[in-house]
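Visitor:
There are 2 protein chains.
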Amino acid sequence: MAGESSELKKAGLKVTHPRRQILRLLETTEQKHMTADDIYRALVDRGEEIGLATVYRVLSQFEAARLVRKHVFDDGTGRSQQACYELDEGEHHDHMVCLESGEVVEFFDEAIERRQEEIAREHGFEIVDHSMVLYVKPKK
Amino acid sequence: MAGESSELKKAGLKVTHPRRQILRLLETTEQKHMTADDIYRALVDRGEEIGLATVYRVLSQFEAARLVRKHVFDDGTGRSQQACYELDEGEHHDHMVCLESGEVVEFFDEAIERRQEEIAREHGFEIVDHSMVLYVKPKK
DNA sequence: CTAGTTGCAAAAGATTTGCAGACGT
DNA sequence: ACGTCTGCAAATCTTTTGCAACTAG
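Chains as they are written, first to last, in the working numbering: chain P, 125 to 264; chain A, 125 to 264.
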């Protein structure tokens, strides 16, 4: 049994062709962050028969099943209302997006994570989730 | 001359009725974060004659002129593709959104800001902008 | 006067949904 | 066989744009 199948079953999802294709693509592509359309195109280009609506549906299911993470990065200019998805490998990390190249760098900082917890606590809350994105440009 | 006028002129924008209304609303409302539609409705309800398209246009101009800041918060459930705006009072701050009440709390933490700079530098970048949102719930 | 603005309606872009047929177990 | 999926097209939602009329300076 291929690796993707068990992950799908574990998530309570039937092992269908589209679901397996999408999961496989995310696991093997070198571009870790893809939009629904990126995924749709990549699969169609590779000769798969799949609908864009299905890609969106599967991605939501994967997100609910915690197989993927969804992000909405600004493209700096404010436009880009497009969500992108990446495999959820368990360990949390934040992102840095280069406004010139579009490059996405992942990072994790213990100190910041701790401060975030403290700040939430100081206000009487506890963190459910958080997002932190640094929009950067190459240092001259 | 009313306060809004000079701010508009300083930004190089003609002092028109819609622009003055929107700026005034943002300066006086107690709900600091409003969507374009919130603003449109608030003005129409108060009897002003304004178009939604104008609200969007004016908000972009204000954003470009650094009179307001635009944010796109997840509503936790992933829906909310809606941007909200707040007056840009100069001093930067981040946000904490309560997923149960929708309440938005602003905060600023020197230590986190410093770490962010360092992290960007370590990767050969410099920060242009950043967004950090903590999605929280009341501590039990 | 005249360039910058506005409102309306239509367009656009991303994502969702209804439905009949196809598929996994 | 049966309930779950899927693809397509149409619908939705937010935001943007074209354009003729209007207005601030």
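Every residue gets a Cβ at the ideal spot worked out from N, C-alpha and C, and that includes glycine. Please read these numbers as outputs of a predicted model, since none were measured by experiment.
For Glu187 of chain A, collect the residues of the same chain with a Cβ closer than 8 Å to its Cβ; drop the 5 residues on either side in sequence, then sort them by chain order.
Guide: Counted from its first residue, the second sequence places residue 187 of chain A at position 63. Counting only Cβ-Cβ distances below 8 Å, and skipping sequence neighbours, we find Arg193, Lys194, Tyr209.
Visitor: Whose CA, out of A:Gly175, A:Met220, A:Gln205, lies closest to the CA of Met256 of chain P?
Guide: Here residue 256 of chain P is taken as the residue at index 132 of the first sequence, counted from 1. With distances taken between Cα atoms, Met256 of chain P lies closest to A:Met220.
Visitor: Is there a C-beta anywhere in chain P that falls below 9 Å from the one on Arg165 of chain A?
Guide: As a working note, residue 165 of chain A is residue 41 in the second sequence. Closer than 9 Å: no.
Visitor: With three or more C-beta pairs closer than 8 Å as the rule, is the region 127 to 145 of chain P touching the region 171 to 188 of chain P?
Guide: yes
Visitor: For a test of the three-state rule: what should DSSP assign to Asp162 of chain P, helix, strand or coil?
Guide: Locating residue 162 of chain P in the first sequence gives position 38, where the first residue counts as 1. Helix at Asp162 of chain P.
Visitor: Just the C-alpha distance for His141 of chain A and His216 of chain A, rounded to the nearest angstrom, thanks.
Guide: Sequence index remark: in the second sequence, residue 141 of chain A carries index 17 (1-based). Sequence index remark: in the second sequence, residue 216 of chain A carries index 92 (1-based). Spanning the two alpha carbons is a distance of roughly 29 Å.
Visitor: Does the CB of Ala235 of chain A have a neighbour CB from chain P at under 9 Å?
Guide: Position 111 of the second sequence, counting from 1, holds the residue named residue 235 of chain A. Chain P contact via Cβ: present.
Visitor: Buried or exposed for Gln155 of chain P, going by 16 or more other Cβ atoms inside 10 Å?
Guide: Taking the first residue of the first sequence as 1, we reach residue 155 of chain P at position 31. Exposed: under 16 other Cβ atoms inside 10 Å.
Visitor: In chain order, what residues of the same chain have a beta carbon less than 6 Å from the beta carbon of Cys222 of chain A, not counting five sequence neighbours either side?
Guide: As a position in the second sequence, residue 222 of chain A is number 98, starting the count at 1. Cβ within range, chain order: Val260.
Visitor: I'd like to know if Gly248 of chain P contacts chain A, where contact means its C-beta is closer than 9 Å to some C-beta of that chain.
Guide: Position 124 of the first sequence, counted from the first residue, corresponds to residue 248 of chain P. Taking Cβ atoms only, chain A reaches closer than 9 Å to Gly248 of chain P, which makes this a yes.
Visitor: Suppose the cutoff is 7 Å on Cβ atoms and the five residues either side in sequence are ignored; what does the same chain contact list for Glu250 of chain A look like?
Guide: Start at 1 with the first residue of the second sequence, and residue 250 of chain A comes out as number 126. These residues qualify, in order along the chain: Ala244.
Visitor: Give the secondary structure of Glu250 of chain A by DSSP, where H, G and I count as helix, E and B as strand, and everything else as coil.
Guide: Within the second sequence, the letter at position 126 stands for residue 250 of chain A. Looking at Glu250 of chain A - three-state DSSP - the assignment turns out to be strand.
Visitor: Distance cutoff 9 Å, beta carbons only. Does Ala177 of chain A sit that close to anything in chain P?
Guide: The sequence position of residue 177 of chain A within the second sequence is 53, counting from 1. By this cut-off, Ala177 of chain A is not an interface position.
Visitor: Which residues does DSSP pair with Arg193 of chain P in a beta bridge?
Guide: Residue numbering aside, residue 193 of chain P sits at position 69 when the first sequence is read from its first letter. Answer is P:Glu210, bridged to Arg193 of chain P.
Visitor: Can you tell me whether DSSP reads Leu223 of chain A as helix, strand or coil?
Guide: Indexing the second sequence from 1 puts residue 223 of chain A at position 99. Three-state result, Leu223 of chain A: coil.
Visitor: Taking a Cβ distance cut-off of 8 Å, strictly less, list which residues of the region 139 to 166 of chain A are near chain P, in chain order.
Guide: Residues of the region 139 to 166 of chain A that bring their beta carbon within less than 8 Å of a beta carbon in chain P are absent altogether.
Visitor: Return the residues of the region 214 to 241 of chain P that lie within a Cβ-Cβ distance of less than 7 Å from chain A, sorted by chain order.
Guide: Per Cβ criterion, the list reads Met220, Cys222, Leu223, Val229, Phe231, Asp233, Ala235, Ile236, Arg239, Gln240.
Visitor: Met125 of chain A by DSSP, collapsed to three states: which one?
Guide: Along the second sequence, one-based indexing puts residue 125 of chain A at 1. For Met125 of chain A, the predicted model reports a pLDDT of 47, less than 50, meaning its position is unreliable and no value from the coordinates is stated.
Visitor: I want to see whether chain P comes within less than 9 Å of Val252 of chain A, judged by CB atoms only; does it?
Guide: Here the question's residue 252 of chain A lines up with position 128 in the second sequence. At least one chain P Cβ lies under 9 Å of Val252 of chain A.
Visitor: Determine the DSSP secondary structure at Val168 of chain P, reduced to helix, strand or coil.
Guide: To locate residue 168 of chain P, count along the first sequence from 1; it is residue 44. Looking at Val168 of chain P - three-state DSSP - the assignment turns out to be helix.
Visitor: Which residue from A:Gly136, A:Leu137, A:Met158 puts its Cα closest to that of Val228 of chain A?
Guide: The count along the second sequence starts at 1 and reaches residue 228 of chain A at position 104. When each option's Cα is compared against that of Val228 of chain A, the closest is A:Met158.
Visitor: Report the residue from P:Thr152, P:Glu151, P:Val179, P:Ala189 whose alpha carbon sits nearest the alpha carbon of Lys134 of chain P.
Guide: Residue mapping note: residue 134 of chain P aligns to position 10 of the first sequence, counting from 1. Among P:Thr152, P:Glu151, P:Val179, P:Ala189, the Cα nearest to that of Lys134 of chain P is on P:Ala189.
Visitor: Inspect the beta-carbon positions of Asp218 of chain A and Phe231 of chain A and report whether they are closer than 9 Å.
Guide: As a working mapping, residue 218 of chain A is identified with position 94 in the second sequence. As a working mapping, residue 231 of chain A is identified with position 107 in the second sequence. Yes, they are a contact pair.
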